[in-house]
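Trainee: Here it is, the structure in full.
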Amino acid sequence: MNAQAGTVKTEGEDIIISTSKGGFSAKTESGDFSFKVSGKLQWDYAGMDGLYNRADDGTSKDKSTGYIRRGEIKFSGKAYGDYGYALKLANDDGDIKLDNAYLDFYHLKPVKVRVGRFGPDFGLENSVSSSWITGIERPAIYDVLQGDSTNEYGIQASMADKQYTLSAGIHHSGYKDEKNSDDDAWGFNGRATVAPIMSDDMLVHLGANYYNSNIDNSATAAKNTTKVGVKKGEKVKLFNAFVADTDVEWGFEGAAQFGPALLQGEYFKREVSVKDSVQANADVDLTGYYVQASFMVDGGKRSYKKGAFGKPKGGQWEVFARYTVIDVDAEAAAEVIAGKDAEASDYTVGVNYFATKNVRASLNYVSGETNVYGSGAKNDDGSAVVGRIQYVF
Amino acid sequence: MNAQAGTVKTEGEDIIISTSKGGFSAKTESGDFSFKVSGKLQWDYAGMDGLYNRADDGTSKDKSTGYIRRGEIKFSGKAYGDYGYALKLANDDGDIKLDNAYLDFYHLKPVKVRVGRFGPDFGLENSVSSSWITGIERPAIYDVLQGDSTNEYGIQASMADKQYTLSAGIHHSGYKDEKNSDDDAWGFNGRATVAPIMSDDMLVHLGANYYNSNIDNSATAAKNTTKVGVKKGEKVKLFNAFVADTDVEWGFEGAAQFGPALLQGEYFKREVSVKDSVQANADVDLTGYYVQASFMVDGGKRSYKKGAFGKPKGGQWEVFARYTVIDVDAEAAAEVIAGKDAEASDYTVGVNYFATKNVRASLNYVSGETNVYGSGAKNDDGSAVVGRIQYVF
Amino acid sequence: MNAQAGTVKTEGEDIIISTSKGGFSAKTESGDFSFKVSGKLQWDYAGMDGLYNRADDGTSKDKSTGYIRRGEIKFSGKAYGDYGYALKLANDDGDIKLDNAYLDFYHLKPVKVRVGRFGPDFGLENSVSSSWITGIERPAIYDVLQGDSTNEYGIQASMADKQYTLSAGIHHSGYKDEKNSDDDAWGFNGRATVAPIMSDDMLVHLGANYYNSNIDNSATAAKNTTKVGVKKGEKVKLFNAFVADTDVEWGFEGAAQFGPALLQGEYFKREVSVKDSVQANADVDLTGYYVQASFMVDGGKRSYKKGAFGKPKGGQWEVFARYTVIDVDAEAAAEVIAGKDAEASDYTVGVNYFATKNVRASLNYVSGETNVYGSGAKNDDGSAVVGRIQYVF
Numbered sequence: 000m001n002a003q004a005g006t007v008k009t010e011g012e013d014i015i016i017s018t019s020k021g022g023f024s025a026k027t028e029s030g031d032f033s034f035k036v037s038g039k040l041q042w043d044y045a046g047m048d049g050l051y052n053r054a055d056d057g058t059s060k061d062k063s064t065g066y067i068r069r070g071e072i073k074f075s076g077k078a079y080g081d082y083g084y085a086l087k088l089a090n091d092d093g094d095i096k097l098d099n100a101y102l103d104f105y106h107l108k109p110v111k112v113r114v115g116r117f118g119p120d121f122g123l124e125n126s127v128s129s130s131w132i133t134g135i136e137r138p139a140i141y142d143v144l145q146g147d148s149t150n151e152y153g154i155q156a157s158m159a160d161k162q163y164t165l166s167a168g169i170h171h172s173g174y175k176d177e178k179n180s181d182d183d184a185w186g187f188n189g190r191a192t193v194a195p196i197m198s199d200d201m202l203v204h205l206g207a208n209y210y211n212s213n214i215d216n217s218a219t220a221a222k223n224t225t226k227v228g229v230k231k232g233e234k235v236k237l238f239n240a241f242v243a244d245t246d247v248e249w250g251f252e253g254a255a256q257f258g259p260a261l262l263q264g265e266y267f268k269r270e271v272s273v274k275d276s277v278q279a280n281a282d283v284d285l286t287g288y289y290v291q292a293s294f295m296v297d298g299g300k301r302s303y304k305k306g307a308f309g310k311p312k313g314g315q316w317e318v319f320a321r322y323t324v325i326d327v328d329a330e331a332a333a334e335v336i337a338g339k340d341a342e343a344s345d346y347t348v349g350v351n352y353f354a355t356k357n358v359r360a361s362l363n364y365v366s367g368e369t370n371v372y373g374s375g376a377k378n379d380d381g382s383a384v385v386g387r388i389q390y391v392f
Numbered sequence: 000m001n002a003q004a005g006t007v008k009t010e011g012e013d014i015i016i017s018t019s020k021g022g023f024s025a026k027t028e029s030g031d032f033s034f035k036v037s038g039k040l041q042w043d044y045a046g047m048d049g050l051y052n053r054a055d056d057g058t059s060k061d062k063s064t065g066y067i068r069r070g071e072i073k074f075s076g077k078a079y080g081d082y083g084y085a086l087k088l089a090n091d092d093g094d095i096k097l098d099n100a101y102l103d104f105y106h107l108k109p110v111k112v113r114v115g116r117f118g119p120d121f122g123l124e125n126s127v128s129s130s131w132i133t134g135i136e137r138p139a140i141y142d143v144l145q146g147d148s149t150n151e152y153g154i155q156a157s158m159a160d161k162q163y164t165l166s167a168g169i170h171h172s173g174y175k176d177e178k179n180s181d182d183d184a185w186g187f188n189g190r191a192t193v194a195p196i197m198s199d200d201m202l203v204h205l206g207a208n209y210y211n212s213n214i215d216n217s218a219t220a221a222k223n224t225t226k227v228g229v230k231k232g233e234k235v236k237l238f239n240a241f242v243a244d245t246d247v248e249w250g251f252e253g254a255a256q257f258g259p260a261l262l263q264g265e266y267f268k269r270e271v272s273v274k275d276s277v278q279a280n281a282d283v284d285l286t287g288y289y290v291q292a293s294f295m296v297d298g299g300k301r302s303y304k305k306g307a308f309g310k311p312k313g314g315q316w317e318v319f320a321r322y323t324v325i326d327v328d329a330e331a332a333a334e335v336i337a338g339k340d341a342e343a344s345d346y347t348v349g350v351n352y353f354a355t356k357n358v359r360a361s362l363n364y365v366s367g368e369t370n371v372y373g374s375g376a377k378n379d380d381g382s383a384v385v386g387r388i389q390y391v392f
Numbered sequence: 000m001n002a003q004a005g006t007v008k009t010e011g012e013d014i015i016i017s018t019s020k021g022g023f024s025a026k027t028e029s030g031d032f033s034f035k036v037s038g039k040l041q042w043d044y045a046g047m048d049g050l051y052n053r054a055d056d057g058t059s060k061d062k063s064t065g066y067i068r069r070g071e072i073k074f075s076g077k078a079y080g081d082y083g084y085a086l087k088l089a090n091d092d093g094d095i096k097l098d099n100a101y102l103d104f105y106h107l108k109p110v111k112v113r114v115g116r117f118g119p120d121f122g123l124e125n126s127v128s129s130s131w132i133t134g135i136e137r138p139a140i141y142d143v144l145q146g147d148s149t150n151e152y153g154i155q156a157s158m159a160d161k162q163y164t165l166s167a168g169i170h171h172s173g174y175k176d177e178k179n180s181d182d183d184a185w186g187f188n189g190r191a192t193v194a195p196i197m198s199d200d201m202l203v204h205l206g207a208n209y210y211n212s213n214i215d216n217s218a219t220a221a222k223n224t225t226k227v228g229v230k231k232g233e234k235v236k237l238f239n240a241f242v243a244d245t246d247v248e249w250g251f252e253g254a255a256q257f258g259p260a261l262l263q264g265e266y267f268k269r270e271v272s273v274k275d276s277v278q279a280n281a282d283v284d285l286t287g288y289y290v291q292a293s294f295m296v297d298g299g300k301r302s303y304k305k306g307a308f309g310k311p312k313g314g315q316w317e318v319f320a321r322y323t324v325i326d327v328d329a330e331a332a333a334e335v336i337a338g339k340d341a342e343a344s345d346y347t348v349g350v351n352y353f354a355t356k357n358v359r360a361s362l363n364y365v366s367g368e369t370n371v372y373g374s375g376a377k378n379d380d381g382s383a384v385v386g387r388i389q390y391v392f
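Protein chains in written order, with numbering that gives the first Met the number 0: chain L, 0 to 392; chain X, 0 to 392; chain F, 0 to 392.
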């Protein structure tokens, strides 16, 4: 009646299986063939006020809500050494969506070629897994950048050594070319990082990012709103929709890790221009940055690999503070507030408890403000407290 | 060319794997780490008439339809002994939705703390897996209760010994607090069960349930309709929407198992009140119960664990009969029929064949009636025949 | 801290696991119990013009777009020898849907009985896995047939030996019976194939298909459009919607494989009639066929099993050409163009590279035309180039 009592074998090369963290993997001894089930669960609870729950009439009420921030399951594997794949399903509230879906080719080692649907390499904190970012949410500046667009179709070549990474790709940009054809519009992006100092006591990381979507004659601008650092906050529109001609972004990363202390910052510049024949005086000049300091209270440090920081070993507490600013100089037609730069900023302080290698609890306080609602309106600032419990398998 | 021919090993603690029932599990010998893929498929075919396929104009035609009642896949596991998770994807007709998504903490053994998205403990037949409930559908009284709300966000502490269970939690209630804030509204629920007699020949089960959502000043009432015991039946509205003040529910369970014979019943009382300042005379007083008798024709019996009955060993036939009543005394403003209690009831008879531990076939006949369409309307009763084939892996 | 270092065992019958192709399977030595995770990723990029991107006003622009054609994950297994199941999730652009969900019963060996949601057996190229069809898309004639309706609820009995297959089933047809009841409408379908010649050098395959949906008094016709061989092409309507009485389809298959060369063709006839009392002169008489020649450039050949061709061994190139025609003789009320048959046809040429057993790259050129837009309209022909990279696990 029961299907158990004996040995487990295979008909080919030896296989090594693992269930550490509560997930599952099986790989052949050579590593040429493998299969893995992994995933994550993040349960958040947020309370917020002011601009984070602002109604269209400018009033605001307190709001609190619990939600599954991420419920993801990923299947990945490798065959014949040279071919890999990943298929990730993720929740969007109660719905399940296709997230990543890509193929990897290792024929040109050390260069890896990836095609399909995946997020391009762009930015330091964007390159960190959403499980191990420092704050509960990434810095708000990413809200208004195209270069990190999540899960678009594309092709990317990348290589990484211990102390540097190089990555370049083209991705469907979210814009649509409407002049002569219905082609998908594409954006080019590249990222280069180097760790010139890398010792047990000290690590210095530097990086640069470039994105260029030469749209030529397109429709509505993408990514013109921010939630000022809070996932369930209301969207704040920083500039009006417009017909874009080019969209170019630059980003610079820097980080210095001294054992348990980590200083990190990124600066981004985005320039969107419009042919005057289409819409006069509608160029957008956006700059933004964040600076962040974190400290592992019990010692230990975050890992560093492939141009991104990872998780600590488990059993540690971390505290951090971050200040983020976005400034938009939009010309007449693209402006939200006449004659002034649109601004949004927030400071976030928080504490992380890494219970084990795969379980984490976090508590963040976010205080944000913006000038886009004009001087007479209420609720141009707000605050939020967000908690998270996370399990990665 | 082929990746097989040898041994299967692991780099840590010994692992035990299993594929019984056609699912898969791997766990370390200590049980501290584990991974499991499980799921279920239920294919139903239903024919119905009368109120089960009633059009708005009061007419009805015969209807028959086949459908996947449940297509579910669940990933669950454990790490470091103290941490568990589950992520379940389930179909809603052709769509795939996030169903359960929760974390378990075992630090306070024997108390288990669960956070995330899951159905609260509430009621006896509601605590039985949908794979092993006696009828094809649970008793209709659950349609109009809040306490068993499925898959809401919450936190719950529970403990269970051989002869008792205790559980208490708070869950997002489906109501929304609109007075002073946009907070999620919460409901408290608790369940306690005891099996005072538990021998080979006889088992007596008793239980009580409590639910309280102190909404204070909320919007539309939730759960005011029933399908009178048939999944694909039309919804029957038992009372009108209203602005609720408090929503309190009590439930009492009783069951007696004498070998193959099982008698079971539950009684529920729900009281919803509305501040007179908002809507006068709109309180709702709902009562409902069901009684059920089942018998394993070939002997054997259903298992009993953690305050709920389970599956038999396989290879058995079971017959059952159930009578369910819902009675709603709604005051003026909340009434569907003036001056009378709204009533709905059904009796269901059925046969189950448990072919193996994981395969089941069921056939149910349901005859239901209601008075809510008024004395002059047609189709205030109806009947349905529903068949199911089930595979649990 | 880590969960590894030892042996892998089981508590019952010996288990054999495999991770070939990057998927995973575990089965007991007897094969009575098993579990498998499999799936596929197809990333397509298409450029098209003319009728493939025709606007309602008859104009057309060039269009190019990349997309995940198929992102699928399937869980399947077996228990107690006689019971099997499969549950497949598939993407529909960014959404994840329930695809197949069925149970298999092996009690009547060699007859297999399948119930649930699955595609019926109908047609030769339709019986080939979407991973190993010759072109990137199946011949356009399938667009306007009911017999191959994908993933409808039904029951099917089938048996297969080395040289023949027999299959018969009833499936929910997509039509809805509206005369006396709201019953699901059902269609019967059957397929029989034989391989009278089957040697190392030569294989001849013949087959016949029948479909009959005796709808009696139903609503809108299903499947009256085609995309003329290009997935992202615009739909071309070949006849108007109508109220159908009966829908009968015949299909004939033939194929001859001489080592690396494979000639293949299918002819289909569909007759839809309408009771004159409902709509006079609205019968539809549809015929269509395709012929296809393919050649493995490096030698080798496609496998043949259960009445369908499969994949080659890997490491081979294949070239092919296919011509497809659809002709619709619709009487007055069902016509799109007055007094003439509606026609659509395409020829497709392509090359496939089967890098390994599970990785494939394909490039197709499709040139199609139709007369349904009338003689005065532009864009009654068009062409497309479609590329695909595929990973099957």
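For every residue, glycine included, the Cβ atom is placed at its ideal position computed from N, Cα and C. Since the structure is predicted, the reported quantities are computational estimates derived from the model, not experimental observations.
For a cutoff of 7 angstroms on Cβ pairs, would you count tyrosine 82 (chain F) as touching chain X?
Mentor: Walking along the third sequence from the start, residue 82 (chain F) turns up at place 83. For tyrosine 82 (chain F), the answer is yes, since a Cβ of chain X falls inside 7 angstroms of its Cβ.
Trainee: Could you compute how far the alpha carbon of alanine 360 (chain X) sits from the alpha carbon of tyrosine 101 (chain F)?
Mentor: What you label residue 360 (chain X) is simply residue 361 of the second sequence in a count that begins at 1. What you label residue 101 (chain F) is simply residue 102 of the third sequence in a count that begins at 1. Straight-line Cα distance between these residues: approximately 14 angstroms.
Trainee: By how many angstroms is the C-alpha of glycine 21 (chain F) removed from the C-alpha of lysine 356 (chain F)?
Mentor: Along the third sequence, one-based indexing puts residue 356 (chain F) at 357. Along the third sequence, one-based indexing puts residue 21 (chain F) at 22. C-alpha separation (whole angstroms): 11 angstroms.
Trainee: Smallest Cα separation from glycine 306 (chain F): which of F:His106, F:Leu40 and F:Ala191?
Mentor: For the purposes of this step, residue 306 (chain F) is taken as the residue at position 307 of the third sequence. With distances taken between Cα atoms, glycine 306 (chain F) lies closest to F:Ala191.
Trainee: Does proline 119 (chain X) pass the burial test, meaning 16 or more other C-beta atoms within 10 Å, or should it be called exposed?
Mentor: Taking the second sequence and counting its residues from 1, one reaches residue 119 (chain X) at position 120. Classification for proline 119 (chain X): buried.
Trainee: What do you get for lysine 62 (chain L), buried or exposed, if any count of 16 or more other CB atoms within 10 angstroms of its CB means buried?
Mentor: As a first step, residue 62 (chain L) is located in the first sequence; it is residue number 63 there, counting from the start. Under this definition lysine 62 (chain L) is a buried residue.
Trainee: If you draw a straight line from the C-alpha of methionine 0 (chain F) to the C-alpha of threonine 9 (chain X), how long is it?
Mentor: As a working mapping, residue 0 (chain F) is identified with position 1 in the third sequence. As a working mapping, residue 9 (chain X) is identified with position 10 in the second sequence. Model confidence at methionine 0 (chain F) stands at a pLDDT of 35, short of 50, so the residue's coordinates are unreliable; what they give is reported in the following sentence. Distance between the alpha carbons of methionine 0 (chain F) and threonine 9 (chain X): 15 angstroms.
Trainee: Please name the residue in X:Glu334, X:Lys39, X:Leu261 and X:Gly70 whose C-alpha comes closest to that of asparagine 280 (chain X).
Mentor: As a working note, residue 280 (chain X) is residue 281 in the second sequence. Of X:Glu334, X:Lys39, X:Leu261 and X:Gly70, the residue nearest in Cα terms is X:Glu334.
Trainee: Would you say the region 72-89 of chain F touches the region 194-212 of chain L, given that touching needs at least three Cβ pairs under 8 angstroms?
Mentor: Short answer: they don't touch.
Trainee: Between glycine 367 (chain F) and alanine 254 (chain F), what straight-line distance do the alpha-carbon atoms span, to the nearest angstrom?
Mentor: Working through the third sequence from its first residue, we reach residue 367 (chain F) at position 368. Working through the third sequence from its first residue, we reach residue 254 (chain F) at position 255. Computed Cα separation, rounded: 24 angstroms.
Trainee: Grouping DSSP H, G and I as helix and E and B as strand, with all else coil, what is glycine 146 (chain X)?
Mentor: Position 147 of the second sequence, counted from the start, is the residue given in the question as residue 146 (chain X). Looking at glycine 146 (chain X) - three-state DSSP - the assignment turns out to be coil, as it is neither helix nor strand.
Trainee: Let me see if you follow: with CB-CB separation under 7 angstroms, is isoleucine 67 (chain L) close to chain F or not?
Mentor: If you number the first sequence from 1, residue 67 (chain L) lands on position 68. No - not a single Cβ of chain F is within 7 angstroms of the one on isoleucine 67 (chain L).
Trainee: Compute the Euclidean distance between the alpha carbons of alanine 184 (chain L) and tyrosine 346 (chain F), then round it to the nearest angstrom.
Mentor: Within the first sequence, residue 184 (chain L) is the residue found at index 185, counting from 1. Within the third sequence, residue 346 (chain F) is the residue found at index 347, counting from 1. Cα-Cα distance, rounded: 29 angstroms.
Trainee: Compare the C-beta of asparagine 370 (chain F) with all C-beta atoms of chain L and state if any pair is closer than 7 angstroms.
Mentor: By 1-based counting over the third sequence, the position of residue 370 (chain F) is 371. Not closer than 7 angstroms to any Cβ of chain L, the Cβ of asparagine 370 (chain F) fails to qualify, so no.
Trainee: Do you know offhand how far tyrosine 288 (chain X)'s Cα is from proline 138 (chain X)'s?
Mentor: On the second sequence, position 289 is the one that residue 288 (chain X) refers to. On the second sequence, position 139 is the one that residue 138 (chain X) refers to. Their Cα atoms are separated by approximately 9 angstroms.
Trainee: Comparing alpha-carbon positions, which option in X:Ala54, X:Val7, X:Ala45 and X:Gly80 lies nearest lysine 234 (chain X)?
Mentor: Position 235 of the second sequence, counted from the first residue, corresponds to residue 234 (chain X). Lysine 234 (chain X) has its Cα closest to that of X:Ala54, out of X:Ala54, X:Val7, X:Ala45 and X:Gly80.
Trainee: What whole-angstrom Cβ distance do glycine 76 (chain F) and lysine 35 (chain F) have, given they're in contact under 8 angstroms?
Mentor: For this step, residue 76 (chain F) is matched to residue 77 along the third sequence. For this step, residue 35 (chain F) is matched to residue 36 along the third sequence. At roughly 6 angstroms, the Cβ-Cβ gap stays under 8 angstroms, so glycine 76 (chain F) and lysine 35 (chain F) are in contact.
Trainee: Here's the rule: buried if 16 or more other CB atoms are within 10 angstroms of the residue's CB, otherwise exposed. What is proline 195 (chain L)?
Mentor: Sequence index remark: in the first sequence, residue 195 (chain L) carries index 196 (1-based). Exposed, because fewer than 16 other Cβ atoms sit within 10 Å of the Cβ of proline 195 (chain L).
Trainee: Would you kindly work out how many angstroms separate the C-alpha atoms of lysine 230 (chain X) and isoleucine 67 (chain X), rounded to a whole number?
Mentor: Position 231 of the second sequence holds residue 230 (chain X). Position 68 of the second sequence holds residue 67 (chain X). Taking the straight line from one Cα to the other gives about 11 angstroms.
Trainee: Can you find a C-beta in chain X that's less than 7 angstroms from the C-beta of valine 358 (chain L)?
Mentor: Taking the first sequence and counting its residues from 1, the one referred to as residue 358 (chain L) is at position 359. So, interface residue.
Trainee: Thinking C-alpha only, which one of F:Asp81, F:Ser382 and F:Ser166 is nearest glycine 153 (chain F)?
Mentor: Residue 153 (chain F) sits at position 154 when you count from the first residue of the third sequence. Glycine 153 (chain F) has its Cα closest to that of F:Ser166, out of F:Asp81, F:Ser382 and F:Ser166.
Trainee: Step through the CB atoms of chain L and report whether any lies within less than 7 angstroms of the CB of phenylalanine 23 (chain F).
Mentor: On the third sequence, position 24 is the one that residue 23 (chain F) refers to. So, interface residue.
Trainee: With 16 other CB atoms within 10 Å as the buried threshold, where does serine 293 (chain L) fall?
Mentor: Residue 293 (chain L) sits at position 294 when you count from the first residue of the first sequence. By the 10 Å Cβ count, serine 293 (chain L) comes out buried.
Trainee: Among L:Leu262, L:Ser344, L:Asp282 and L:Val277, which has the Cα closest to the Cα of valine 271 (chain L)?
Mentor: By 1-based counting over the first sequence, the position of residue 271 (chain L) is 272. Residue L:Asp282 is the option with its Cα nearest to valine 271 (chain L).
Trainee: Can you tell me which residues form a DSSP beta bridge with glycine 309 (chain X)?
Mentor: If you number the second sequence from 1, residue 309 (chain X) lands on position 310. Note: glycine 309 (chain X) sits in no beta bridge, so no partner.
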